[in-house]
Amino acid sequence: QLVHSKDGTPVRFASRPVAIQALLGPDAGQTLAEAGATPPEAAPQSHRAVEIAGQAVRIVRATDLPGGALVIHVAPEGSEAVTEALRASGAGSLDRSEFNAMRIEEGRPLFGIDVTEDNLLHETGLLDEYHSAAKGCYVGQEVVARLEARGGNVNKLLRGLQLTAPAAAGAAISAAGQPVGRIASAAVSQQRGPIAMGYLHRNHAAPGTAVEVAGAKATVVSLPMGS
């Protein structure tokens with residue numbers, strides 16, 4: 004991308020190749036410290052440039068991932084060295100199912116999976132996190148402003164589901180034999196058993212509402228689960 008500075012000097016910006024890793028869970032900060040790096044401040048999105056295994060990295064406190072995520076940005080050629088250093092400090096692998104269970108429990112939807120361009124911000128429950136009434140112009144501002152002026156009412160809402168049987172993403176949610184929503188993500192939690200996150204019609208979105216998913220009984224719960 005070519006732009007010009009105030010004095011007219013051309014300045015060119017280019018994306019830097021990067022590998023991204025993440026530490027999740029209550030011991031993330033301790034693991035990072037044992038790898039010789041100081042975590043950033045506790046504020047969301049705070050970041051710090053440090054070194055791990057001799058590799059320059061930038062660590063960010065991410066809010067779009069569960070488990071108090073510490074996201075690590077490193078040059079691709081240094082990624083393996085950083086991974087080995089973190090493993091030596093106690094980090095383990097987290098498979099997709101465990102990751103999904105963690106983020107469903109915490110109510111952390113992922114863009115492209117639980118949230119797409121077809122969703123309104125008010126449907127996701129993330130309005131307070133991603134919207135600022137004091138901010139200047141941004142893409143989607145008019146839609147948000149219109150909904151706010153009308154009370155923020157939307158036809159569907161993202162909710163958690165406590166299931167009685169495992170389900171799959173895309174499974175229909177029904178009530179009294181009528182479709183009322185669809186599963187966006189599902190997993191089996193070690194603490195809660197089968198759980199899911201999906202969009203339900205507002206008339207069936209209240210926590211405690213009984214529904215069915217793929218013929219099995221389920222209960223609507225608030226996100227984060229246990230809140």
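Using the numbering used here, you'd call the opening residue of the sequence shown number 4 and step up by one each time. Note that beta-carbon positions come from the ideal geometry of N, C-alpha and C, so glycine has one too.
From the options, residue whose alpha carbon lies closest to that of residue i
| i | options | result |
| --- | --- | --- |
| E44 | G28, V63, G57 | V63 |
| A187 | A171, A88, G155, A178 | A171 |
| G110 | L160, P169, A174, P47 | L160 |
| M228 | P112, S18, H76 | P112 |
| E132 | N156, D67, R195, H76 | D67 |
| R195 | I23, E87, G57, E101 | E101 |
| A91 | E151, A56, F114 | A56 |
| A25 | T12, G95, L130 | G95 |
| A19 | R61, T119, H50 | Checking the sequence, you will find Arg at residue 19 rather than Ala. Of the candidates R61, T119, H50, the one whose C-alpha sits nearest the C-alpha of R19 is R61. |
| V53 | V85, V14, E120 | V85 |
| L130 | G155, E120, A46, G139 | G155 |
| R205 | V157, R15, Q181, S177 | V157 |
| Q50 | A65, P29, E151 | Reading off the sequence, residue 50 comes out as His, not Gln. If we check each option's Cα against that of H50, A65 comes out closest. |
| G28 | G128, A46, G93, R153 | G93 |
Residue i - partner residues in DSSP beta bridges
| i | result |
| --- | --- |
| T222 | Q165, A213 |
| A137 | The partner list for A137 (beta bridge, DSSP) is empty, contrary to what the question assumes. |
| S192 | G196 |
| A22 | V77 |
| F114 | V118 |
| Q181 | A178 |
| Q58 | I55 |
| G201 | R162, I186 |
| V147 | None, per the DSSP bridge assignment. |
| R106 | R106 pairs with nothing; no bridge assigned. |
| H50 | V63 |
Test item: CB-CB of residue i and residue j under 7 Å
| i | j | result |
| --- | --- | --- |
| A72 | S192 | no |
| V216 | A174 | yes |
| V214 | A208 | no |
| V77 | Q58 | yes |
| A168 | A219 | yes |
| H134 | V147 | yes |
Any non-hydrogen atom of the ligand NAD within 6 Å of residue i CB
| i | result |
| --- | --- |
| L203 | As far as ligands go, the structure on display features none, and thus does not contain the ligand NAD. |
Residue i burial status per 10 Å Cβ neighbour count (16 or more: buried)
| i | result |
| --- | --- |
| G70 | buried |
| A137 | exposed |
| T34 | buried |
| D98 | exposed |
| A189 | buried |
| P42 | buried |
| G39 | exposed |
| I75 | buried |
| A179 | exposed |
| V21 | exposed |
| G184 | buried |
| I116 | exposed |
| A31 | buried |
| I23 | exposed |
is_contact[residue i, chain B] using C-beta, thresh 7 Å
| i | result |
| --- | --- |
| G32 | Among the chains in the structure shown there is no chain B, since it carries only a single protein chain. |
Evaluate the contact criterion for the segment 161–172 versus the segment 78–98: three or more CB pairs, one atom per stretch, below 8 Å. Result no; under three Cβ-Cβ pairs closer than 8 Å.
Quick one: any contact between the segment 138–153 and the segment 118–125, if contact means 3 or more CB pairs under 8 Å? A contact is defined here as three or more CB-CB pairs under 8 Å, and the segment 138–153 meets this definition with respect to the segment 118–125.
Can at least three beta-carbon pairs, one atom from the segment 195–208 and one from the segment 94–108, be found at a separation below 8 Å? Yes, the segment 195–208 is in contact with the segment 94–108.
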